[in-house]
Amino acid sequence: MTFGLCQCHLTLDAMTLLDNMSERDVGSWNSLISGLAQNSEGRNELFLFKKMRVERAEVDVMTMSNVLFVCPDLAALVNGKQVYGLVIKHRFELYLPVGNAFIDMYAKCGRMEDACQFFMNMPIKNVVSWTSLIVGYGKRGLGWEALEAFDEMERKGIIPNKITFLGTLYACGHAGLVQKGWVNFNTIVHKYSIIPMMERYTCMVDLLARAGHLTEAYNFVERMPIKLEAELLRALFSSCCSHMNVELAKTVGQRLIELEPEEAGAYMLLSNFYGIIGDLEDVANVRKLMSKREIRKTKACTWIEINRKVHSFESRDGSHPLNKEICNYLKNLVKKMKNSGYVPDTSLVMQNVDDHTKDEMVLSHSEKLAITPGLIITPSETRIMIVKNLRVCADCHLFTALISKIEGRESVTRDSSRFHHFKNGSCSCGDHW
10 MTFGLCQCHL TLDAMTLLDN MSERDVGSWN SLISGLAQNS EGRNELFLFK
60 KMRVERAEVD VMTMSNVLFV CPDLAALVNG KQVYGLVIKH RFELYLPVGN
110 AFIDMYAKCG RMEDACQFFM NMPIKNVVSW TSLIVGYGKR GLGWEALEAF
160 DEMERKGIIP NKITFLGTLY ACGHAGLVQK GWVNFNTIVH KYSIIPMMER
210 YTCMVDLLAR AGHLTEAYNF VERMPIKLEA ELLRALFSSC CSHMNVELAK
260 TVGQRLIELE PEEAGAYMLL SNFYGIIGDL EDVANVRKLM SKREIRKTKA
310 CTWIEINRKV HSFESRDGSH PLNKEICNYL KNLVKKMKNS GYVPDTSLVM
360 QNVDDHTKDE MVLSHSEKLA ITPGLIITPS ETRIMIVKNL RVCADCHLFT
410 ALISKIEGRE SVTRDSSRFH HFKNGSCSCG DHW
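Residue numbers for the sequence shown follow my numbering, so the first one is 10 and each next one is one higher.
This is how it looks when you write it as structure tokens:
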């Protein structure tokens, strides 16, 4: 019953129904946890799991798997470690679904060392185990490691699935391995007779475009035998911007808006690009079009977990209890950075204000507000992880890279595009995302 309510998006009703049950077994709890997972309500899912523990309710393999899969989405690695203790206690690590969920969790949290260690210790591995590892490598920009894992998987006689190939293509794209990408794409079709769907076409376009083969990528899009989707155009548009191919960026940006006329992100991508190249007239035109169509931009939000508590920040958010300390720390940090040559990237600030005000505006972005309490509170050797709902901006990307160099703090940012692992002043994405 609770799962059925969740399928109708009535999650609050489902939670109330569970609360009113006179008797609840593990199946009752799991039904609601699975329903919340399908509705992407990770925070409620973790809340329900904690409630299970308080009430000393029985847990099983399904409980553990569902909870582990949601931990990375909320930057809640600590919760994942708590689940690990329960898994070992009940010997659930011997079950494939739980083991695979652990690999996925560690990989999504940017902890590939832990993911690899857990993978190596698994007594039995299946295609999901290998695929989780390969996708994890790919999203960290470790293309060669992903391909080596894929080759080892084939040598062991495990047949890859569609997601495996998606992971290898993603890995090739983020590591700049164009020829390997083409080989992989052709292998999908000719060796395994898998018909490429939109996700694989998107990865191939992204691979070509990231490497600067923009015309080849655009022609590849034009020749596709399947219906065009927005995710593919976003990948191509991002690379057009990175390589400053102005004319193609305009063409792709306009097509993206035509494809997603109700999606604010499409308008903001094109508007921001016009701002970067200084075309303020077209910035105004895009904003007018948004206003005419009543399109509102999505608020940026970033999360960080500290001492088992998840903190959320929006841009220019002064509501946090540590707001004064955060602002003071940020100002001192910026002074250090400017002494090392840091110049804030204010190209996306469209307001007609002076340079000092523009600097202040980018300083209050949600990523900076979220990472700062991590710097203030956690031990200096602790790796910081934040999660953002939108694509990280250029200034916050540079800012976080400098933190890893000046403060010596390794960090991971998970945005809507990929993972960014910052260490010693550089990012795993190679400044291309």
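Glycine included, C-beta positions come from ideal geometry on N, C-alpha and C.
Small disclaimer: the values here were computed from a predicted structure and weren't measured.
Residue range of the unbroken alpha helix (DSSP H) whose run includes residue i
{"i": "S328", "result": "Neither: S328 is in no alpha helix (DSSP H) and is coded neither H nor E."}
{"i": "R370", "result": "Per the sequence presented here, residue 370 reads as Met, with Arg not at that position. Its alpha helix (DSSP H) spans residues 364-372."}
{"i": "W387", "result": "Residue 387 is actually Thr in this sequence, not Trp. Careful: T387 lies outside any alpha helix (DSSP H) and carries neither H nor E."}
{"i": "V136", "result": "136-148"}
{"i": "T307", "result": "Unbroken run through T307: none, as it is neither H nor E."}
{"i": "R120", "result": "From DSSP, R120 is part of no alpha helix (DSSP H); its letter is neither H nor E."}
{"i": "M24", "result": "20-29"}
{"i": "T177", "result": "171-184"}
{"i": "E163", "result": "152-164"}
{"i": "L407", "result": "403-415"}
{"i": "R243", "result": "239-251"}
Residue from the options whose Cα sits closest to the Cα of residue i
{"i": "V70", "options": "V96, K297, V63", "result": "V96"}
{"i": "G108", "options": "P169, A273, V421, M129", "result": "M129"}
{"i": "A218", "options": "L257, I204, K340", "result": "L257"}
{"i": "G44", "options": "K59, V63, A23", "result": "A23"}
{"i": "N294", "options": "E303, S40, S280, I286", "result": "S280"}
{"i": "E301", "options": "E334, A273, E32", "result": "Checking the sequence, you will find Lys at residue 301 rather than Glu. Selected option, being the one with the closest Cα: A273."}
{"i": "R232", "options": "Y210, W312, A220", "result": "Y210"}
{"i": "L77", "options": "K98, A116, R65", "result": "A116"}
{"i": "K414", "options": "I395, C436, K397", "result": "C436"}
{"i": "C249", "options": "K333, V35, A220", "result": "A220"}
{"i": "S202", "options": "L223, K171, L186, F246", "result": "K171"}
{"i": "M73", "options": "G94, N53, V63, Y179", "result": "G94"}
{"i": "N228", "options": "V261, I204, E208", "result": "V261"}
{"i": "S247", "options": "P382, A226, H320", "result": "A226"}
{"i": "E303", "options": "C310, P270, L289", "result": "P270"}
{"i": "I285", "options": "N254, R264, E163", "result": "N254"}
{"i": "R264", "options": "L289, E238, D288, S251", "result": "E238"}
{"i": "L398", "options": "A309, D28, R418, P382", "result": "Rather than Leu, the amino acid found at residue 398 in this sequence is Asn. If we check each option's Cα against that of N398, A309 comes out closest."}
{"i": "P388", "options": "W139, V63, L55, G417", "result": "G417"}
{"i": "G166", "options": "W139, N29, T307", "result": "W139"}
{"i": "C438", "options": "H183, H320, G350", "result": "H183"}
{"i": "M207", "options": "S349, D288, K236, Q360", "result": "K236"}
{"i": "T355", "options": "N348, D364, R164", "result": "D364"}
Extent of the continuous beta strand (DSSP E) to which residue i belongs
{"i": "E314", "result": "310-315"}
{"i": "M114", "result": "Counting along the chain, M114 falls outside any beta strand (DSSP E), though it belongs to the alpha helix (DSSP H) covering 105-117."}
{"i": "F431", "result": "428-432"}
{"i": "S420", "result": "420-423"}
{"i": "K397", "result": "393-397"}
Inter-residue CB distance, residue i and residue j (contact presumed, cutoff 8 Å)
{"i": "I112", "j": "F127", "result": "6 Å"}
{"i": "P169", "j": "V192", "result": "Contact doesn't hold; Cβ gap of about 14 Å is too wide."}
{"i": "K377", "j": "L339", "result": "6 Å"}
{"i": "L57", "j": "L41", "result": "6 Å"}
{"i": "P9", "j": "L103", "result": "Residue 9 lies beyond the stretch modelled for the chain, which goes from 10 to 442, so this question has no answer here."}
{"i": "L142", "j": "A124", "result": "6 Å"}
{"i": "S328", "j": "H374", "result": "Rounded, the Cβ-Cβ distance is 15 Å, inconsistent with contact."}
{"i": "Y276", "j": "L298", "result": "7 Å"}
{"i": "I393", "j": "I385", "result": "About 11 Å; that fails the 8 Å criterion."}
{"i": "T311", "j": "I395", "result": "5 Å"}
{"i": "G119", "j": "F428", "result": "5 Å"}
{"i": "I412", "j": "P382", "result": "I412 to P382, Cβ: 13 Å. No contact."}
{"i": "G145", "j": "M162", "result": "Their Cβ separation, rounded to whole angstroms, is 14 Å, which puts G145 and M162 out of contact at 8 Å."}
{"i": "H199", "j": "L223", "result": "Their Cβ separation, rounded to whole angstroms, is 27 Å, which puts H199 and L223 out of contact at 8 Å."}
{"i": "E67", "j": "V35", "result": "5 Å"}
Any C-beta of chain D under 9 Å from that of residue i
{"i": "E154", "result": "In the structure shown, chain D does not exist; there is a single protein chain."}
Does the segment 418-432 come into contact with the segment 344-359, if we say contact requires no fewer than three beta-carbon pairs (one atom in each stretch) closer than 8 Å?
The segment 418-432, when compared against the segment 344-359, does not touch it at the 8 Å Cβ threshold.
Segment contact, 8 Å Cβ cut-off, at least three pairs: the segment 203-214 with the segment 233-248
They touch, by the three-pair rule.
Would you list, in sequence order, the uninterrupted alpha helix (DSSP H) runs of no fewer than 4 residues that lie entirely inside the segment 197-230?
Within the segment 197-230, the complete alpha helix (DSSP H) runs of at least 4 residues are 207-219.
Do the segment 403-411 and the segment 147-157 touch if we need at least three Cβ pairs shorter than 8 Å?
Using a Cβ-Cβ distance cut-off of 8 Å, the segment 403-411 and the segment 147-157 are not in contact, since fewer than three pairs of beta carbons, one from each stretch, lie closer than that value.
Three or more C-beta pairs below 8 Å linking the segment 364-371 and the segment 304-320
The segment 364-371 is not in contact with the segment 304-320.
Segments of 4+ residues assigned as alpha helix (DSSP H) that fall wholly inside the segment 262-289:
As far as the segment 262-289 is concerned, its whole alpha helix (DSSP H) runs of at least 4 residues are 273-285.
Assess, as a yes-or-no matter, whether the segment 157-177 is touched by the segment 420-428 under the definition of 3 or more beta carbon pairs within less than 8 Å.
Flag = no, the segment 420-428 and the segment 157-177 do not touch.
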